[in-house]
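2 protein chains.
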Amino acid sequence: MATMREVAGRAGVSTATVSRALSGNPTVDPDLAARVRSAAHALGYRPNGVARSLRRQTTAVLALIISDVENPFFTAIARGVEDTAQSAGYSVVLCNSDESTAKERRYVDVLLQEQVAGVIVSPTSAAGALEPLWDNGTPVVAVDRPLPGLECDTVLVDSRVAANVATTHLAAQGYQRIGCLTGPVGVHTADDRLAGYRDALRAAKRRSAADLVRRAEFRTVGAKRSAADLFGIAEPPDGLLVANSTMATGTLEAMSELGLRAGRDVGLVAFDDSPWATLVDPPLTVISQPAYQIGTMAAQLLLARIGGDARAPRTITLNAQLVVRGSSHR
Amino acid sequence: MATMREVAGRAGVSTATVSRALSGNPTVDPDLAARVRSAAHALGYRPNGVARSLRRQTTAVLALIISDVENPFFTAIARGVEDTAQSAGYSVVLCNSDESTAKERRYVDVLLQEQVAGVIVSPTSAAGALEPLWDNGTPVVAVDRPLPGLECDTVLVDSRVAANVATTHLAAQGYQRIGCLTGPVGVHTADDRLAGYRDALRAAKRRSAADLVRRAEFRTVGAKRSAADLFGIAEPPDGLLVANSTMATGTLEAMSELGLRAGRDVGLVAFDDSPWATLVDPPLTVISQPAYQIGTMAAQLLLARIGGDARAPRTITLNAQLVVRGSSHR
DNA sequence: CTCAGTTGAGAAATCGTTTTCCCGCAAGTT
DNA sequence: AACTTGCGGGAAAACGATTTCTCAACTGAG
Numbered sequence: 001m002a003t004m005r006e007v008a009g010r011a012g013v014s015t016a017t018v019s020r021a022l023s024g025n026p027t028v029d030p031d032l033a034a035r036v037r038s039a040a041h042a043l044g045y046r047p048n049g050v051a052r053s054l055r056r057q058t059t060a061v062l063a064l065i066i067s068d069v070e071n072p073f074f075t076a077i078a079r080g081v082e083d084t085a086q087s088a089g090y091s092v093v094l095c096n097s098d099e100s101t102a103k104e105r106r107y108v109d110v111l112l113q114e115q116v117a118g119v120i121v122s123p124t125s126a127a128g129a130l131e132p133l134w135d136n137g138t139p140v141v142a143v144d145r146p147l148p149g150l151e152c153d154t155v156l157v158d159s160r161v162a163a164n165v166a167t168t169h170l171a172a173q174g175y176q177r178i179g180c181l182t183g184p185v186g187v188h189t190a191d192d193r194l195a196g197y198r199d200a201l202r203a204a205k206r207r208s209a210a211d212l213v214r215r216a217e218f219r220t221v222g223a224k225r226s227a228a229d230l231f232g233i234a235e236p237p238d239g240l241l242v243a244n245s246t247m248a249t250g251t252l253e254a255m256s257e258l259g260l261r262a263g264r265d266v267g268l269v270a271f272d273d274s275p276w277a278t279l280v281d282p283p284l285t286v287i288s289q290p291a292y293q294i295g296t297m298a299a300q301l302l303l304a305r306i307g308g309d310a311r312a313p314r315t316i317t318l319n320a321q322l323v324v325r326g327s328s329h330r
Numbered sequence: 331m332a333t334m335r336e337v338a339g340r341a342g343v344s345t346a347t348v349s350r351a352l353s354g355n356p357t358v359d360p361d362l363a364a365r366v367r368s369a370a371h372a373l374g375y376r377p378n379g380v381a382r383s384l385r386r387q388t389t390a391v392l393a394l395i396i397s398d399v400e401n402p403f404f405t406a407i408a409r410g411v412e413d414t415a416q417s418a419g420y421s422v423v424l425c426n427s428d429e430s431t432a433k434e435r436r437y438v439d440v441l442l443q444e445q446v447a448g449v450i451v452s453p454t455s456a457a458g459a460l461e462p463l464w465d466n467g468t469p470v471v472a473v474d475r476p477l478p479g480l481e482c483d484t485v486l487v488d489s490r491v492a493a494n495v496a497t498t499h500l501a502a503q504g505y506q507r508i509g510c511l512t513g514p515v516g517v518h519t520a521d522d523r524l525a526g527y528r529d530a531l532r533a534a535k536r537r538s539a540a541d542l543v544r545r546a547e548f549r550t551v552g553a554k555r556s557a558a559d560l561f562g563i564a565e566p567p568d569g570l571l572v573a574n575s576t577m578a579t580g581t582l583e584a585m586s587e588l589g590l591r592a593g594r595d596v597g598l599v600a601f602d603d604s605p606w607a608t609l610v611d612p613p614l615t616v617i618s619q620p621a622y623q624i625g626t627m628a629a630q631l632l633l634a635r636i637g638g639d640a641r642a643p644r645t646i647t648l649n650a651q652l653v654v655r656g657s658s659h660r
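Quick look at the structure:
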């Protein structure tokens with residue numbers, strides 16, 4: 001790999017001039033600059049980003065820590081982040097914390113060592129693992145879930161309201177015993193969606209039966225078990241709010257095994273729209289979250305911070321949208 | 331951020347000793363080492379990875395360039411790569427080339443600048459955009475698709491055989507006019523799957539009607555259009571091989587709009603298993619590819635190269651598996 | 001008691017840029 | 001003619017670690 005010295009030698013100038021010429025500094029004579037450029041080209045010179053980062057004390061890399069790479073909601077966020085970062089000249093490192101605080105901590109360590117310019121994170125739980133970023137002054141933007149202790153820019157979706165709307169919709173469709181299948185205790189979106197569900201039942205003057213609520217990992221298998229369990233109780237629910245799309249597949253699997261039909265037997269609404277939601281029979285009513293937009297907004301906020309924006313942290317709350325399809329009416 | 335100098339100052343030693351102590355070099359006195367460690371801890375010292383990389387002339391970062399972040403097949407690969415890299419102390423940068431050679435080229439540039447230790451790539455087309463990696467001596471492993479011109483480690487799935495098996499299965503189920511919906515010309519997997527389809531028809535002594543083959547982007551919308559088109563011709567197919575899961579959703583959408591039922595009206599087999607494949611009615615017969623394993627194998631090959639393995643490049647071909655469900659029989 | 005051999009640790013070079021500082025030269029001013 | 005100004009570009013410092021030299025001190029053998 002050709003270094004700057006070699007380019008300088010070939011062009012008969014100092015490395016300082018090479019640096020200036022290649023970075024388009026106007027104080028360098030056009031002829032000289034051309035000579036430098038052609039020398040660089042001839043040698044196939046490519047600046048060493050590591051050396052540059054060391055000197056500049058910053059890198060053109062953003063990090064995105066998500067809790068599940070295989071969840072389409074998060075990959076859609078990733079795409080939003082990437083597109084925005086890309087067009088600002090930044091690249092994106094994607095890290096998969098797998099909902100594990102230990103992994104999150106490890107990644108934070110790596111990211112600090114690599115001196116990334118900023119971090120977007122969907123926090124696993126408490127802010128503990130992220131402290132070091134704050135200590136270091138690295139800008140952080142939280143997405144999907146707030147970061148309780150720390151003050152930082154945050155991009156959320158109003159899950160609680162959305163869950164409320166969805167539950168109210170189910171009640172309005174005549175479903176009597178509406179249940180809720182949500183994520184683990186402590187995962188903010190899981191708690192939030194449960195809260196919205198309860199808000200709706202309270203508003204509808206319905207008894208919020210504790211035995212109609214189940215919690216599981218945000219994954220297919222656990223959700224399937226919990227759903228089967230829920231449908232097996234003495235007075236099973238005839239309506240169900242499911243907290244994300246991977247859990248929805250688990251729920252549908254359980255229902256199919258039990259011979260329950262969505263809509264007719266159980267009114268069903270799930271968070272997150274998926275390409276397959278219209279393919280199942282009946283099509284699935286969903287709460288569609290603007291995932292891509294979450295990504296772009298988060299990236300914009302982060303880039304602003306990196307650019308020196310020192311205003312008070314902002315929290316942006318986007319709205320989810322109830323998309324009514326066949327699974328939520330008889 | 332505390333630097334090594336500060337740690338050295340606090341411990342009353344030189345930076346050289348700090349470096350040695352922290353890297354576990356046995357030539358440093360245990361007491362001293364302990365003193366250094368406690369000084370480092372007290373200052374919250376964290377080595378500067380950029381400086382380290384500059385000096386060591388290598389980084390502990392692998393890159394993975396995939397052609398579609400939102401395709402579950404590729405995210406499953408990503409997970410395999412990540413898990414393997416992680417446990418070897420490497421982190422992974424995920425880049426999304428979006429099937430665009432230009433984007434691929436840009437990423438290669440960034441990765442060279444950042445001096446990543448190695449690259450795993452699902453190449454978009456010709457090897458052109460990847461040349462610079464070779465020039466630089468960066469180890470490369472190709473996944474999913476071979477890299478025609480260049481010699482490098484490769485992890486593939488035998489798509490052609492799998493397509494053949496699937497098509498033969500459709501023929502055996504009594505479907506007469508079997509079509510194929512595949513990806514763009516030049517994308518190796520698309521061509522390969524088409525070739526396998528043709529192999530099967532030839533072996534079954536069937537006429538391989540050119541008008542039963544359609545090509546589209548590996549995406550939902552294009553596939554939907556092509557499928558609708560295909561079902562609209564004078565003598566439409568009664569069987570169809572679809573080249574990936576995003577195209578399968580498009581196909582199913584088109585079929586549902588046309589009132590066609592899988593299995594009964596059209597025998598259907600698609601590449602890639604998805605969590606929703608069992609939820610549609612009838613459940614979708616698929617060719618399941620070992621995506622996670624592709625990722626782990628690729629990462630292992632790459633890590634071996636980084637470790638100095640100089641043997642001749644290997645090509646590993648994994649097998650896909652036909653999972654017969656309801657969509658491929660009457 | 002001396003000298004070779006070992007061990008531990010500091011000084012300084014190094015990685016490849018960017019950036020600061022400074023100097024020489026030419027043009028403009030009085 | 002002497003004196004500022006301004007501009008272009010070179011020399012060298014800096015970034016923060018690792019690693020090579022190098023050397024002092026100590027050990028043990030003869």
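For the record, the sequence lines run as chains E and P. The numbers in the first sequence follow this note's numbering, run straight up by one, and end at 330. The numbers in the second sequence follow this note's numbering, run straight up by one, and end at 660. From the three backbone atoms N, C-alpha and C, an ideal C-beta is built for every residue, glycine too.
Boundaries of the alpha helix (DSSP H) in which residue 295/E is found, first to last residue: Taking the first sequence and counting its residues from 1, the one referred to as residue 295/E is at position 295. 291 to 306 is the extent of the alpha helix (DSSP H) around residue 295/E.
For residue 207/E, which three-state DSSP category applies? In the first sequence, residue 207/E corresponds to position 207, counting from 1. In the structure shown, residue 207/E sits in coil (DSSP, three-state: anything other than H, G, I, E or B).
Closer than 7 angstroms by beta-carbon distance: list the chain P residues that pair up with residue 78/E, in chain order. Within the first sequence, the letter at position 78 stands for residue 78/E. 399, listed in chain order.
Which term fits residue 65/E, buried or exposed, when burial requires 16 or more other beta carbons within 10 angstroms of its beta carbon? Walking along the first sequence from the start, residue 65/E turns up at place 65. Classification of residue 65/E: buried, given that the 10 Å Cβ count is 16 or more.
Does residue 267/E come out as helix, strand or coil in the three-state DSSP assignment? One-based indexing of the first sequence puts residue 267/E at position 267. Residue 267/E: strand per DSSP, three-state reduction.
Report buried or exposed for residue 371/P, applying the criterion of at least 16 other Cβ atoms within 10 angstroms of its Cβ. Within the second sequence, the letter at position 41 stands for residue 371/P. Per the 10 Å Cβ criterion, exposed.
Between which residues of its own chain and residue 236/E is the CB-CB distance below 7 angstroms, once the five residues before and five after are set aside? By 1-based counting over the first sequence, the position of residue 236/E is 236. By the criterion of a C-beta distance shorter than 7 angstroms, residue 236/E is surrounded in its chain by 230, once the five residues flanking it on both sides are discounted.
CB contact flag (residue 601/P, residue 573/P, <7 angstroms): For the purposes of this step, residue 601/P is taken as the residue at position 271 of the second sequence. For the purposes of this step, residue 573/P is taken as the residue at position 243 of the second sequence. When the beta-carbon positions are compared, residue 601/P and residue 573/P come within less than 7 angstroms of each other.
Do the segment 387 to 404 of chain P and the segment 71 to 82 of chain E make contact, defined as three or more Cβ pairs closer than 8 angstroms? Between the segment 387 to 404 of chain P and the segment 71 to 82 of chain E, the count of C-beta pairs closer than 8 angstroms reaches three or more; the two stretches touch.
Less than 6 angstroms separating the Cβ of residue 640/P from some heavy atom of the ligand ADP? Questions concerning the ligand ADP fall outside what the structure shown contains, since it holds no ligand whatsoever.
Where residue 321/E sits in the DSSP three-state scheme: Here the question's residue 321/E lines up with position 321 in the first sequence. Correct three-state label for residue 321/E: strand.
Any beta-carbon of chain P closer than 7 angstroms to the one on residue 54/E? Taking the first residue of the first sequence as 1, we reach residue 54/E at position 54. It does: the Cβ of residue 54/E has a partner Cβ on chain P nearer than 7 angstroms.
Opening and closing residue of the beta strand (DSSP E) in which residue 668/P lies: As shown, chain P starts at 331 and ends at 660. That puts residue 668/P outside it, with no answer to give.
Could you tell me which chain E residues have their CB closer than 7 angstroms to the CB of residue 611/P, listed as they occur along the chain? On the second sequence, residue 611/P is found 281 positions in, with the first residue counted as 1. Below the 7 angstroms Cβ cutoff, chain E contributes 281 as neighbours of residue 611/P, in chain order.
Spatial neighbours of residue 455/P in its chain, beta-carbon cut-off 8 angstroms, leaving aside the 5 residues before and after: Here the question's residue 455/P lines up with position 125 in the second sequence. Contacts found: 431, 516 and 517.
Alpha carbon to alpha carbon, how far is residue 51/E from residue 62/E? Stepping through the first sequence from its first residue, residue 51/E is reached at position 51. Stepping through the first sequence from its first residue, residue 62/E is reached at position 62. Cα-Cα distance, rounded: 18 angstroms.
Taking the continuous beta strand (DSSP E) assigned at residue 182/E, which residues delimit it? Numbered from 1 along the first sequence, position 182 holds the residue referred to as residue 182/E. Taken as a continuous stretch (DSSP letters only), the beta strand (DSSP E) holding residue 182/E covers 178 to 182.
Cβ of residue 115/E less than 7 angstroms from any chain P Cβ? Translated into the one-based positions of the first sequence, residue 115/E becomes position 115. Closer than 7 angstroms to the CB of residue 115/E there is at least one CB belonging to chain P.
Measure from the C-beta of residue 469/P to each C-beta in chain E and report whether the shortest distance is under 7 angstroms. Reading the second sequence from its first residue, position 139 is the one you call residue 469/P. For residue 469/P, the answer is no, since every Cβ of chain E falls outside 7 angstroms of its Cβ.
Whole angstroms are fine: how far does the CA of residue 414/P sit from the CA of residue 280/E? Translated into positions along the first sequence, residue 280/E becomes position 280. Translated into positions along the second sequence, residue 414/P becomes position 84. Rounded to the nearest angstrom, the two C-alpha atoms are 35 angstroms apart.
Go ahead and label residue 554/P buried or exposed: buried means 16 or more other beta carbons lie within 10 angstroms of its beta carbon, across all protein chains shown. Within the second sequence, numbered from 1, the residue matching residue 554/P stands at position 224. Residue burial is scored here from C-beta neighbours: residue 554/P has at least 16 other C-beta atoms within 10 angstroms and is therefore classed as buried.
Quick check for students: name the residue ranges of the alpha helix (DSSP H) that lie wholly in the segment 12 to 37 of chain E, counting only runs of 4 or more. With a minimum length of 4 residues, the continuous alpha helix (DSSP H) runs that stay inside the segment 12 to 37 of chain E are 15 to 22.
Limits of the beta strand (DSSP E) - the one that residue 118/E falls within: Position 118 of the first sequence holds residue 118/E. 118 to 121 is the span of the beta strand (DSSP E), which, as asked, contains residue 118/E.
Given a limit of 9 angstroms on CB to CB distance, which residues of the segment 2 to 23 of chain E reach chain P? Here the close residues number zero.
Endpoints, the alpha helix (DSSP H) within which residue 214/E is located: Along the first sequence, one-based indexing puts residue 214/E at 214. Segment 213 to 215 is the beta strand (DSSP E) holding residue 214/E; no alpha helix (DSSP H) there.
From 329/E, 218/E and 18/E, residue whose alpha carbon lies closest to that of residue 166/E: Here residue 166/E corresponds to residue number 166 of the first sequence, with the count starting at 1. Comparing Cα-Cα distances from residue 166/E to each of 329/E, 218/E and 18/E, the minimum goes to 329/E.
Could you give the DSSP three-state label for residue 575/P: helix, strand or coil? Counting from one through the second sequence, the residue named residue 575/P turns up at place 245. Residue 575/P falls in the helix class under three-state DSSP.
Using alpha carbons as the reference points, say which of 304/E, 326/E and 290/E lies closest to residue 263/E. The residue given as residue 263/E occupies position 263 in the first sequence. Looking at the Cα atoms, 326/E is the closest of the given residues.
Quick one: using the 10 Å Cβ neighbour count with 16 as the cut-off for buried, is residue 128/E buried or exposed? If you number the first sequence from 1, residue 128/E lands on position 128. The Cβ neighbour count for residue 128/E, taken over all protein chains shown within 10 Å, is under 16; the residue is labelled exposed.
Drop a sphere of 10 angstroms on the beta-carbon of residue 444/P, count the other beta-carbons inside from all chains shown, and report buried for 16 or more, exposed for fewer. Residue 444/P sits at position 114 when you count from the first residue of the second sequence. Buried, since its Cβ has 16 or more Cβ neighbours within 10 Å.
Taking Cβ positions only, does residue 251/E come closer than 7 angstroms to chain P? Here residue 251/E refers to the residue found at position 251 of the first sequence. By this cut-off, residue 251/E is not an interface position.
Should residue 91/E be flagged as near chain P, meaning a C-beta pair shorter than 7 angstroms? Counting from 1 along the first sequence, the entry for residue 91/E is found at position 91. Contact of residue 91/E with chain P is assigned, a C-beta pair being separated by under 7 angstroms.
Can you list, in chain order, the residues of its chain whose CB lies under 6 angstroms from that of residue 193/E, leaving out five sequence neighbours each side? If you number the first sequence from 1, residue 193/E lands on position 193. Only 159, 163, 182 and 243 meet the Cβ criterion.
Does DSSP put residue 609/P in a helix, in a strand, or in coil? Position 279 of the second sequence, counted from the start, is the residue given in the question as residue 609/P. Three-state result, residue 609/P: coil.
Alpha helix (DSSP H) segment containing residue 407/P, residue limits: To locate residue 407/P, count along the second sequence from 1; it is residue 77. Run containing residue 407/P: 402 to 417, per the alpha helix (DSSP H) assignment.
List the residues of chain P whose Cβ lies closer than 7 angstroms to the Cβ of residue 110/E, in chain order. For this step, residue 110/E is matched to residue 110 along the first sequence. Contact of residue 110/E with chain P by beta-carbon distance below 7 angstroms involves 421.
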